[in-house]
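Residue numbering for the sequence shown follows this note's numbering, starting at 64 and increasing by one per position.
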Amino acid sequence: MNEQERLDAEREYSADSIQVLEGLEAVRVRPSMYIGDVNVRGLHHLVYEVVDNSIDEALAGYCHNIYVCINEDNSITVKDDGRGIPTAEHEKEHRSALEVVLTVLHAGGKFSKDSYKVSGGLHGVGVSCVNALSETLIAEIHREGKIWKQTFHRGIPEAPVAVVGEAYDTGTTITFLPDKTIFTESVYNYDTLSSRLRELAYLNKGIRLTIMDKRNVDPESGLAKCEVFYSEVGLGEFVEYIDGTREKLIDNTITLSTERAGIPIEVAVHYNTEYSENVFSYVNNINTIEGGTHLDGFKRALRATLKKYADNSGLLAKAKVEVSADDFREGLTAVISVKVAEPQFEGQTKTKLGNTEVGTAVYQAVSAALETYLEEHPNDAKAIVEKVVLAAQARHAAQNARKAVIERKSSLSGAGLPGKLADCSDKNPENCELFLVEGDSAGGTAKQGRNQRFQAVLPLRGKILNVEKALEHRIYESDVIRTIFRALGVSKGTKDDSRALNLEKLRYHKIIVMADADVDGAHIATLIMTLFFRHMREIIDNGYLYLAMAPLYSVKKGKEIKYCWTEEQREQIVEEMNGGKGEAGLVIQRYKGLGEMTAMQLRDTTMSPEGRLLKQVTIENAAMADRTFSMLMGDDVPPRREFIEQNATYANIDA
Ligand code: 0RA
Numbered sequence: 064m065n066e067q068e069r070l071d072a073e074r075e076y077s078a079d080s081i082q083v084l085e086g087l088e089a090v091r092v093r094p095s096m097y098i099g100d101v102n103v104r105g106l107h108h109l110v111y112e113v114v115d116n117s118i119d120e121a122l123a124g125y126c127h128n129i130y131v132c133i134n135e136d137n138s139i140t141v142k143d144d145g146r147g148i149p150t151a152e153h154e155k156e157h158r159s160a161l162e163v164v165l166t167v168l169h170a171g172g173k174f175s176k177d178s179y180k181v182s183g184g185l186h187g188v189g190v191s192c193v194n195a196l197s198e199t200l201i202a203e204i205h206r207e208g209k210i211w212k213q214t215f216h217r218g219i220p221e222a223p224v225a226v227v228g229e230a231y232d233t234g235t236t237i238t239f240l241p242d243k244t245i246f247t248e249s250v251y252n253y254d255t256l257s258s259r260l261r262e263l264a265y266l267n268k269g270i271r272l273t274i275m276d277k278r279n280v281d282p283e284s285g286l287a288k289c290e291v292f293y294s295e296v297g298l299g300e301f302v303e304y305i306d307g308t309r310e311k312l313i314d315n316t317i318t319l320s321t322e323r324a325g326i327p328i329e330v331a332v333h334y335n336t337e338y339s340e341n342v343f344s345y346v347n348n349i350n351t352i353e354g355g356t357h358l359d360g361f362k363r364a365l366r367a368t369l370k371k372y373a374d375n376s377g378l379l380a381k382a383k384v385e386v387s388a389d390d391f392r393e394g395l396t397a398v399i400s401v402k403v404a405e406p407q408f409e410g411q412t413k414t415k416l417g418n419t420e421v422g423t424a425v426y427q428a429v430s431a432a433l434e435t436y437l438e439e440h441p442n443d444a445k446a447i448v449e450k451v452v453l454a455a456q457a458r459h460a461a462q463n464a465r466k467a468v469i470e471r472k473s474s475l476s477g478a479g480l481p482g483k484l485a486d487c488s489d490k491n492p493e494n495c496e497l498f499l500v501e502g503d504s505a506g507g508t509a510k511q512g513r514n515q516r517f518q519a520v521l522p523l524r525g526k527i528l529n530v531e532k533a534l535e536h537r538i539y540e541s542d543v544i545r546t547i548f549r550a551l552g553v554s555k556g557t558k559d560d561s562r563a564l565n566l567e568k569l570r571y572h573k574i575i576v577m578a579d580a581d582v583d584g585a586h587i588a589t590l591i592m593t594l595f596f597r598h599m600r601e602i603i604d605n606g607y608l609y610l611a612m613a614p615l616y617s618v619k620k621g622k623e624i625k626y627c628w629t630e631e632q633r634e635q636i637v638e639e640m641n642g643g644k645g646e647a648g649l650v651i652q653r654y655k656g657l658g659e660m661t662a663m664q665l666r667d668t669t670m671s672p673e674g675r676l677l678k679q680v681t682i683e684n685a686a687m688a689d690r691t692f693s694m695l696m697g698d699d700v701p702p703r704r705e706f707i708e709q710n711a712t713y714a715n716i717d718a
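Rendered as structure tokens:
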């Protein structure tokens, strides 16, 4: 290269850099557009984005192990044993392919034509976004006998990639520290990451995913907390994991793994003796919460095949009731996973698959496989059809119960507000909050402590039905549940076959469960959340359900009073208020329940928007949440006790 060429190259290099800067700056200016949000969710999304690249390398057949490590400083390391991101100079860009992948938006795909690029985060933005949103990111590549390294700050390279040693293996290691000036949270949640990795292991059989938490070291052994997820079988094991604590209706899990019209399709189906339907669908490893063509194809195939079998066997004729589509899915747990090269995502949260060809492919594949299975397993077929008939009969009973209730003019629909409800004066749902409080005494305190303009209080009296274990019509007979529906203003199932909730009638956009911070309180909160999870899921998905966290302690010095929600906070506040004198001269009160607080204390700590700590109930991982609820609420009492005692909050129901 002569001097002129070198200058040209340099100029071009800096021109490229300016373009890159503009790209990465856009990510930093509007991070939510690229990763959804800048809260806990977005923070965890960074990890998924990096892991997805390694999953792609594994799906291409070159990588078998992926390690995710939460480091002590809450930085994350993702390491794989793939081919290593290419480090050679990129023809047009005048810098290494590695640097292009890490600094150009959407560049990842350009280099992976040979790989089956289907995995990919919900936003599919690539690892360059992670780079732009990290204080530092270090890439270490083992490739062609060398170790290559490059460091970035907020997406900008410190220097070009350089050889730093000899390598005897191949692979990619990315370590990044999320930018604290961008994210509102900086602490990773082990359970959130581990349940996603577990899910990925089931969805991609044969890949070993390891998670390690260096913040959590066992003092005796000196070993960090660690879990390994690996599934030889894939979806079949996933369904067995989800349904693990439920009683089986049939011994086998019906599985299918095939390719139709170039679309890889995997399905696993199981029936339990309970009543809820749990079907989880995935496209390119993304949980399609809003469903779509693949899910519709599956449901149509299940219904048509079972109906045909039942008609031919004469079992349906005996039922004497009409069988509806829902009846085929009572007690069904299933997972559908398809890999689609060019998925079209629709819907509010862009998690609904629109490709019609996928629906047809799934329908054909599932029909064929299920028909064969039923023919070869007549005992299972009989058990399933009998269950369908029972479901139809129970649904008719539920309709009758509902009708009877409606006739008594106190239905699940908003025929008048419940007498116990202390409503607020504002009538715009967007401004209004409803506190669900267990017991009349705490309810009374809450009524005194509220802001009557926008805060309503509904005291709940009596046992809350465990809906996990109840037939649907029982919920229409439960006083407490009817009261909750009436206060909310919503109803469901008024049209005979619809299980959807009429959200437009919802009277509050914040529904706040307020329970004691002890084991009983956790149990009550869980019962209420189960009701929402199973019967008013739309309210959770819209972000309307919250938990009010009451403080554990108050620390008083003279007239000054401070509240603490955790032990660490208490230590910190004692230190702040008393500067090294320990607890001497302080009055520390431990609250055992809401009932011990005065109305003013409850207002200041738990109810008023200024002082309270609200946790939004969200479902990070629907399949894991289903398992958690069935375990918490099932017959198996011992694991439930233990779980509630060990978990201050709620696993997988990430707040
Ligand atoms: C494209 C080409 C090649 C490797 C990769 C992408 C790759 C990317 C990532 C991201 C994380 N881990 C990765 N591992 C590999 C290599 C092509 C070749 O060697 O011929």
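Here a beta-carbon is modelled for each residue, glycine too, at the ideal position from N, C-alpha and C.
* Would you identify the three-state DSSP class for Ala580, choosing helix, strand or coil? => In the sequence shown, residue 580 corresponds to position 517, counting from 1. It is coil, neither helix nor strand.
* Asked: Who are Lys142's beta bridge partners in DSSP?
  -> Translated into the one-based positions of the sequence shown, residue 142 becomes position 79. In DSSP, Lys142 forms a bridge with Tyr130 and Thr236.
* To do: Tell me whether Ser117 counts as near the ligand 0RA, meaning its Cβ is closer than 7 Å to at least one heavy atom of that ligand.
  => Indexing the sequence shown from 1 puts residue 117 at position 54. For the ligand 0RA, at least one heavy atom lies less than 7 Å from the Cβ of Ser117.
* **Residue span of the alpha helix (DSSP H) that contains Leu260, given as start and end** => Taking the first residue of the sequence shown as position 1, residue 260 is located at position 197. Per DSSP, Leu260 belongs to the alpha helix (DSSP H) from Tyr253 to Leu266.
* Asked: Leaving out five residues before and five after Leu168 in sequence, what residues of the same chain have Cβ atoms less than 6 Å from its Cβ?
  -> To locate residue 168, count along the sequence shown from 1; it is residue 105. Same-chain partners within the cutoff: Gly86 and Ser191.
* Asked: Exposed or buried, what is Arg653 when buried is set at 16 or more other beta-carbons lying within 10 Å of its beta-carbon?
  -> In the sequence shown, the residue the question calls residue 653 occupies position 590. With fewer than 16 Cβ atoms within 10 Å of its Cβ, Arg653 is classed as exposed.
* To do: Say yes only if the C-beta of Arg146 is nearer than 7 Å to one or more non-hydrogen atoms of the ligand 0RA, and no if none qualify.
  => For the purposes of this step, residue 146 is taken as the residue at position 83 of the sequence shown. Because some heavy atom of the ligand 0RA lies under 7 Å away, the Cβ of Arg146 counts as near it: yes.
* Classify His205 as helix, strand or coil using the three-state DSSP reduction. => Position 142 of the sequence shown holds residue 205. His205 falls in the strand class under three-state DSSP.
* Asked: Can you give, in chain order, each stretch of the beta strand (DSSP E) that sits fully within the region 354-442 and has at least 3 residues?
  -> 395-401
* Asked: Does the Cβ of Glu120 lie closer than 7 Å to at least one heavy atom of the ligand 0RA?
  -> Numbered from its first residue, the sequence shown carries residue 120 at position 57. Glu120 Cβ: within cutoff of the ligand 0RA.
* Based on the DSSP output, what are the partners of Glu290 in its beta bridges? -> For the purposes of this step, residue 290 is taken as the residue at position 227 of the sequence shown. Per DSSP, Ile274.
* **Cβ shell of Tyr338 (< 7 Å), same chain only, five flanking positions each side left out** => Here residue 338 corresponds to residue number 275 of the sequence shown, with the count starting at 1. Contacts found: Glu393, Gly394, Leu534 and Glu535.
* Asked: For Glu66, which three-state DSSP category applies?
  -> Here residue 66 refers to the residue found at position 3 of the sequence shown. It is helical.
* Between the region 350-361 and the region 398-411, do at least 3 Cβ pairs fall closer than 8 Å? -> yes
* Using alpha carbons as the reference points, say which of Ile245, Leu437, Val403 and Asp390 lies closest to Ala461. => Numbered from its first residue, the sequence shown carries residue 461 at position 398. Taking only the C-alpha atoms, the option nearest Ala461 is Asp390.
* State the Cα-Cα distance for the pair Glu152 and Lys212, rounded to the nearest angstrom. => Residue 152 sits at position 89 when you count from the first residue of the sequence shown. Residue 212 sits at position 149 when you count from the first residue of the sequence shown. Taking the straight line joining both Cα atoms gives about 14 Å.
* Secondary structure at Tyr607, three-state DSSP: helix, strand or coil? -> Looking up residue 607 in the sequence shown gives position 544. DSSP places Tyr607 in coil when its eight states are reduced to three.
* First and last residue of the uninterrupted beta strand (DSSP E) at Ser344 -> Along the sequence shown, one-based indexing puts residue 344 at 281. Element bounds for Ser344: Asn341 to Val346.
* Asked: Excluding the five sequence neighbours on either side, which residues of its own chain have a C-beta within less than 7 Å of the C-beta of Pro492, listed in chain order?
  -> Translated into the one-based positions of the sequence shown, residue 492 becomes position 429. Same-chain partners within the cutoff: Leu569, Arg570, Tyr571 and His572.
* Asked: Does DSSP put Asn641 in a helix, a strand or coil?
  -> Numbered from its first residue, the sequence shown carries residue 641 at position 578. Reduced to three states, the DSSP call for Asn641 is helix.
* **Beta carbon of Gly422 nearer than 8 Å to that of Gly360** => For this step, residue 422 is matched to residue 359 along the sequence shown. For this step, residue 360 is matched to residue 297 along the sequence shown. It is a contact, given that the beta carbons lie within the stated cut-off.
* Asked: Exposed or buried, His216, counting other C-beta atoms within 10 Å across all chains shown (16 or more means buried)?
  -> For the purposes of this step, residue 216 is taken as the residue at position 153 of the sequence shown. Counting Cβ neighbours within 10 Å, His216 comes out exposed, since fewer than 16 surround it.
* **Short Cβ contact (8 Å threshold) for Asn429 with Val401** => If you number the sequence shown from 1, residue 429 lands on position 366. If you number the sequence shown from 1, residue 401 lands on position 338. According to the sequence as given, residue 429 is Val; it is not Asn. No, these two residues do not count as a Cβ contact at 8 Å.
* Flag this pair as yes or no: are the beta carbons of Val101 and Thr273 separated by less than 8 Å? => On the sequence shown, position 38 is the one that residue 101 refers to. On the sequence shown, position 210 is the one that residue 273 refers to. For Val101 and Thr273, no; Cβs fall outside 8 Å.
* If you follow the alpha helix (DSSP H) that Tyr334 is part of, which residue opens it and which one closes it? -> Here residue 334 is taken as the residue at index 271 of the sequence shown, counted from 1. Premise fails: Tyr334 lies in the beta strand (DSSP E), Ile326 to Tyr334, not in any alpha helix (DSSP H).
* For Met612, which option in Thr691, Arg633 and Gly584 has the closest C-alpha, if you only look at C-alpha atoms? -> Indexing the sequence shown from 1 puts residue 612 at position 549. Ranking Thr691, Arg633 and Gly584 by Cα distance to Met612 puts Gly584 first.
* Asked: Would DSSP call Lys173 helix, strand or coil?
  -> Looking up residue 173 in the sequence shown gives position 110. Unreliable positioning characterises Lys173 in this predicted model, as indicated by a pLDDT of 41, which lies under 50. The coordinate reading is nonetheless provided below. Residue state, collapsed to three classes: helix.
* To do: Would you check if the region 256-270 and the region 121-133 touch, i.e. whether three or more CB-CB distances between them fall below 8 Å?
  => yes
* Rank Glu646, Ser197 and Arg513 by C-alpha distance to the C-alpha of Thr214 and give the top, closest one. => Counting from 1 along the sequence shown, the entry for residue 214 is found at position 151. That would be Ser197, whose Cα lies nearest to the Cα of Thr214.
* **C-alpha gap between Lys472 and Asn463, whole angstroms** => Locating residue 472 in the sequence shown gives position 409, counting from the first residue. Locating residue 463 in the sequence shown gives position 400, counting from the first residue. Only weak support is given to the placement of Lys472: the predicted model assigns it a pLDDT of 44, under 50, and the question is left unresolved by the model.
* For Leu263, the nearest candidate out of Ile118, Asp503 and Val193 (CA to CA) -> Against the sequence shown, residue 263 aligns to sequence position 200. For the residues Ile118, Asp503 and Val193, the minimum Cα distance to Leu263 belongs to Ile118.
* Can you tell which of Gly105, Pro223 and Ser138 has its C-alpha closest to the C-alpha of Ala160? -> Locating residue 160 in the sequence shown gives position 97, where the first residue counts as 1. It is Pro223.
* To do: Tell me where the beta strand (DSSP E) around Gly720 begins and ends.
  => The displayed coordinates of the chain run from 64 to 718. Any statement about residue 720 would go beyond what the structure contains.
* How big is the Cα-Cα spacing for Leu286 and Ala202? -> The residue given as residue 286 occupies position 223 in the sequence shown. The residue given as residue 202 occupies position 139 in the sequence shown. Using only the alpha carbons, I get a separation of about 25 Å.
* To do: Tell me whether Lys490 sits in a helix, a strand or coil according to DSSP, three-state version.
  => Position 427 of the sequence shown, counting from 1, holds the residue named residue 490. It is coil, neither helix nor strand.
* From Leu499 to Thr546, what does the alpha carbon distance come to, in whole angstroms? -> Numbered from 1 along the sequence shown, position 436 holds the residue referred to as residue 499. Numbered from 1 along the sequence shown, position 483 holds the residue referred to as residue 546. Straight-line Cα distance between these residues: approximately 11 Å.
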